[in-house]
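Participant: Provided herewith is a single structure, encoded as structure tokens, for subsequent inquiry.
Numbering (this note's numbering), first residue to last: 208 to 580.
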């Protein structure tokens with residue numbers, strides 16, 4: 208095949224011009240899905256040569272090497288190899304001093320690599336967060352998206368709140384706002400919403416985010432046409448709503464109506480994320496009043512209890528309904544929607560919270576009987 212020939216040429220040639228043409232050809236092959244496995248089969252010989260191009264090649268060759276590396280950096284073995292051979296340092300240098308197009312593709316490779324927990328330490332050793340934050344603040348749209356995506360991966364793989372606090376302290380929230388507000392497509396917002404969700408899982412940061420215009424930004428994407436963005440936004444609402452003050456803010460901003468509509472979404476992930484967010488928001492009494500005004504709210508939540516609906520954690524809709532069951536009107540709506548057989552089945556399946564909800568429903572029914580007699 209042509210790929211082994213190209214790799215041997217890249218390995219043996221000392222001519223910068225031939226190297227440049229060879230890397231260009233390899234980068235083209237890397238963008239064809241059906242050919243990626245041929246590149247991956249070339250293993251460390253190809254990786255080492257591409258990393259050498261990153262260190263000493265022309266600006267044009269570096270861009271092409273990054274494109275090829277992006278295709279190769281989706282496997283754990285290759286990610287480890289790139290991390291242990293100084294690849295992260297070379298990529299960060301491009302992010303700092305490369306051309307706008309090379310910065311964007313270098314950040315794209317880093318974003319792929321950051322998805323592997325094994326090499327997070329390599330990022331920390333190179334002070335990658337500061338470089339990525341600088342690029343998120345001043346790079347092209349594509350560079351910003353990739354640097355935010357990389358930060359998002361680093362934070363989601365880290366158990367440590369210190370990294371989240373560092374990002375927030377060093378201008379990450381401002382960059383996130385600017386990227387969000389200038390984004391031309393909803394799809395590109397997915398990384399921004401994911402980073403928001405990850406940062407919001409740290410309560411001191413969530414407090415800042417909740418009163419810095421992010422609830423309004425979330426409302427605008429909870430009804431968008433992109434499933435991944437909607438689901439990420441619902442998860443972000445859950446993280447932001449960690450105390451009474453932030454739950455009140457989220458409810459007043461208008462998060463509840465779009466979340467109710469999401470309860471009837473096609474994907475289980477979307478429905479579960481909405482139920483989880485709503486169950487948290489319902490802990491504030493004012494939000495329960497807003498929810499009750501939603502015509503389909505209770506019916507949609509009850510339908511999620513159907514044991515035939517798979518891959519959905521029933522605890523969240525149970526918790527949502529349990530917070531509303533003490534209202535006589537809501538209880539009647541639940542029973543009319545067929546809640547009892549579902550909950551009885553979930554009790555038999557030993558689902559967390561089902562027994563308590565069933566007792567509350569039956570107690571309400573009993574009081575209703577006494578009230579009539």
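All C-beta atoms in this analysis are idealised placements derived from N, C-alpha and C, irrespective of residue type, glycine included.
1) Starting from the Cα of residue 509, find the closest Cα among 518, 497, 532, 293 and give me that residue.
2) On the DSSP letters alone, give me the boundaries of the alpha helix (DSSP H) that residue 393 sits inside.
3) Grab me the residues of residue 295's own chain with a C-beta within less than 8 Å of its C-beta, minus the 5 sequence neighbours each way, in chain order.
4) How long is the line joining the alpha carbons of residue 459 and residue 345, rounded to whole angstroms?
5) Can you give, in chain order, each stretch of the alpha helix (DSSP H) that sits fully within the segment 432-488 and has at least 4 residues?
6) Using CA atoms only, rank isn't needed, just tell me which of 553, 560, 427 is closest to residue 530.
7) Once DSSP output is grouped into helix, strand and coil, what is the label at residue 532?
8) One question on the structure: do residue 417 and residue 429 come within less than 8 Å of each other, judged by their Cβ atoms?
9) What separation, rounded to the nearest whole angstrom, lies between the Cα atoms of residue 426 and residue 223?
10) Between residue 237 and residue 246, is the Cβ-Cβ spacing less than 8 Å?
11) Between the Cα of residue 537 and the Cα atoms of 256, 507, 413, 473, which residue gives the shortest distance?
12) Between which two residues does the alpha helix (DSSP H) harbouring residue 278 extend?
13) For residue 427, report the span of its alpha helix (DSSP H) as first-last.
14) Give me the Cα-Cα distance between residue 214 and residue 243, rounded to the nearest whole angstrom.
15) Determine, using beta carbons only, whether residue 515 and residue 525 come nearer to each other than 8 Å.
16) Excluding five sequence neighbours on each side, which residues of the same chain lie with their C-beta closer than 8 Å to the C-beta of residue 580?
17) Does the segment 366-377 come close enough to the segment 350-357 that 3 or more CB-CB pairs lie under 8 Å?
18) Compare the C-alpha of residue 477 against each of 467, 438, 448, 447 and name the closest.
19) Using a beta-carbon distance below 8 Å, is residue 262 in contact with chain E?
20) At the level of alpha carbons, what is the spacing between residue 435 and residue 225?
21) If you draw a straight line from the C-alpha of residue 353 to the C-alpha of residue 449, how long is it?
22) Could you name the residues of the same chain whose beta carbon sits closer than 8 Å to that of residue 282, not counting the 5 residues immediately before and after it, in chain order?
23) Please return the same chain residues whose Cβ sits closer than 7 Å to the Cβ of residue 400, not counting the five positions on each side in sequence.
24) Leaving aside the five residues before and after residue 565 along the sequence, list all residues of the same chain whose C-beta is less than 7 Å from its C-beta, in chain order.
25) Which word fits residue 404, buried or exposed, when buried means at least 16 other C-beta atoms lie within 10 angstroms of its C-beta?
26) Applying the criterion that 16 or more other CB atoms from any shown protein chain within 10 Å of the CB defines a buried residue, is residue 451 buried or exposed?
27) Just how far apart, CA to CA, sit residue 174 and residue 343?
28) At what residues does the alpha helix (DSSP H) containing residue 360 begin and finish?
29) Between the alpha carbons of residue 228 and residue 390, how many angstroms are there, rounded?
30) Can you give the Cα-Cα distance for residue 209 and residue 261, rounded to whole angstroms?
31) Rounded to whole angstroms, what is the Cα-Cα separation between residue 273 and residue 297?
32) May I ask which residues mark the beginning and end of the alpha helix (DSSP H) holding residue 307?
Facilitator: Let me lay it out:
1) The residue labelled residue 509 in the question sits at position 302 within the chain shown. When only C-alpha atoms are compared, the closest one is 532.
2) Looking up residue 393 in the chain shown gives position 186. From DSSP, residue 393 is part of no alpha helix (DSSP H); its letter is neither H nor E.
3) Position 88 of the chain shown holds residue 295. Counting only Cβ-Cβ distances below 8 Å, and skipping sequence neighbours, we find 289, 317, 320, 326, 329, 330, 333, 335.
4) If you number the chain shown from 1, residue 459 lands on position 252. If you number the chain shown from 1, residue 345 lands on position 138. Rounded to the nearest angstrom, the two C-alpha atoms are 34 Å apart.
5) 434-447, 451-460, 463-469, 475-488
6) Within the chain shown, the letter at position 323 stands for residue 530. Of the listed residues, the one whose Cα sits closest to residue 530 is 560.
7) On the chain shown, residue 532 is found 325 positions in, with the first residue counted as 1. Looking at residue 532 - three-state DSSP - the assignment turns out to be coil, as it is neither helix nor strand.
8) Against the chain shown, residue 417 aligns to sequence position 210. Against the chain shown, residue 429 aligns to sequence position 222. It is not a contact, given that the beta carbons lie outside the stated cut-off.
9) By one-based count along the chain shown, residue 426 stands at place 219. By one-based count along the chain shown, residue 223 stands at place 16. C-alpha separation (whole angstroms): 52 Å.
10) Reading the chain shown from its first residue, position 30 is the one you call residue 237. Reading the chain shown from its first residue, position 39 is the one you call residue 246. Cβ atoms of residue 237 and residue 246: closer than 8 Å.
11) Working through the chain shown from its first residue, we reach residue 537 at position 330. Of 256, 507, 413, 473, the residue nearest in Cα terms is 507.
12) One-based indexing of the chain shown puts residue 278 at position 71. Counting along the chain, the alpha helix (DSSP H) containing residue 278 begins and ends at 266-279.
13) On the chain shown, residue 427 is found 220 positions in, with the first residue counted as 1. First-last of the alpha helix (DSSP H) with residue 427: 421-429.
14) Taking the first residue of the chain shown as 1, we reach residue 214 at position 7. Taking the first residue of the chain shown as 1, we reach residue 243 at position 36. One C-alpha to the other measures close to 14 Å.
15) On the chain shown, residue 515 is found 308 positions in, with the first residue counted as 1. On the chain shown, residue 525 is found 318 positions in, with the first residue counted as 1. No, Cβ-Cβ distance for residue 515 and residue 525 is not below 8 Å.
16) Against the chain shown, residue 580 aligns to sequence position 373. Confidence at residue 580 is low in this model, with a pLDDT of 36, below 50, so the placement of that residue is unreliable and no value is reported for it.
17) no
18) The residue you call residue 477 lines up with position 270 of the chain shown. Of the candidates 467, 438, 448, 447, the one whose C-alpha sits nearest the C-alpha of residue 477 is 438.
19) Absent from the structure: chain E. Only one protein chain is present.
20) For the purposes of this step, residue 435 is taken as the residue at position 228 of the chain shown. For the purposes of this step, residue 225 is taken as the residue at position 18 of the chain shown. Their backbone Cα atoms lie some 43 Å apart in a straight line.
21) Sequence index remark: in the chain shown, residue 353 carries index 146 (1-based). Sequence index remark: in the chain shown, residue 449 carries index 242 (1-based). Roughly 29 Å separates the two Cα atoms.
22) Working through the chain shown from its first residue, we reach residue 282 at position 75. So the qualifying residues of the chain are 247.
23) As a working note, residue 400 is residue 193 in the chain shown. Within the same chain, residue 400 has close Cβ partners 428, 436, 439, 440, 443.
24) On the chain shown, position 358 is the one that residue 565 refers to. So the qualifying residues of the chain are 550, 551, 554.
25) Along the chain shown, one-based indexing puts residue 404 at 197. Flag for residue 404 reads buried.
26) Translated into the one-based positions of the chain shown, residue 451 becomes position 244. Answer is exposed; the Cβ neighbour count stays below 16.
27) Outside the modelled stretch of the chain, which goes from 208 to 580, sits residue 174, for which no answer is possible.
28) Start at 1 with the first residue of the chain shown, and residue 360 comes out as number 153. Start and end: 348-364.
29) Taking the first residue of the chain shown as position 1, residue 228 is located at position 21. Taking the first residue of the chain shown as position 1, residue 390 is located at position 183. C-alpha separation (whole angstroms): 35 Å.
30) Walking along the chain shown from the start, residue 209 turns up at place 2. Walking along the chain shown from the start, residue 261 turns up at place 54. If I take the Cα positions, the gap works out to 23 Å.
31) Taking the chain shown and counting its residues from 1, one reaches residue 273 at position 66. Taking the chain shown and counting its residues from 1, one reaches residue 297 at position 90. When rounded, the distance between both Cα atoms is 10 Å.
32) Position 100 of the chain shown holds residue 307. 307-320 is the extent of the alpha helix (DSSP H) around residue 307.
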